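In what follows, a single structure is set out as structure tokens and then discussed.
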Amino acid sequence: VPESFVCDDFPKPKIILEPETTVTVLGKDIRLTCSAASSSSSPMTFAWKKDSEILHHADMENFAHVRARDGVVIEYTTILHLRRVTFSHEGRYQCIITNHFGSTYS
């Protein structure tokens, strides 16, 4: 019956954790975290933007782990490290997580 058909497949990544607004002390290190989930094992790429400009030399760590409680879902996390923060770090940061099926933005 077509009415009962449900598709739980979401190959394009979807954001499940947005980077939080952060206030820090000058000279300290901070981390911004962003996570997405996907039902696809297609390779992911990660990027960060600051004020709509790609951070080409971002200091980031990327992780993936399988979450099996609701089917096979892969959760991807990217952490942006901002070290010895100065006023030049102030801005709006955004993560972009992309696979073969598309991109998602925080």
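Residue numbering for the sequence shown follows this note's numbering, beginning at -3 and increasing consecutively.
Just so you know, even glycine gets a beta-carbon here, dropped at the ideal spot from N, CA and C.
Bear in mind the structure is a predicted one, so any value in this text is a computation, not a measurement.
With a contact defined as Cβ atoms closer than 8 Å, C30 and E14 qualify at about 7 Å. Comparing alpha carbon positions, the residue from G98, F97, L28 and Y72 closest to K45 is L28.
Residue range G98 to Y101 is occupied by the beta strand (DSSP E) that includes G98. By the Cβ neighbour-count rule, S35 is buried, with 16 or more other Cβ atoms within 10 Å of its own. DSSP places L28 inside the beta strand (DSSP E), whose first and last residues are I26 to S34. By the neighbour-count criterion, in which a residue is buried when 16 or more other Cβ atoms sit within 10 angstroms of its Cβ, T74 is buried. DSSP places H61 in the strand class (E or B) of the three-state scheme.
In the three-state reduction of the DSSP assignment, F6 falls in the coil class. Assigned with DSSP and collapsed to three states, H77 falls in strand. Annotation for T41: the continuous beta strand (DSSP E) segment containing it runs T41 to K46.
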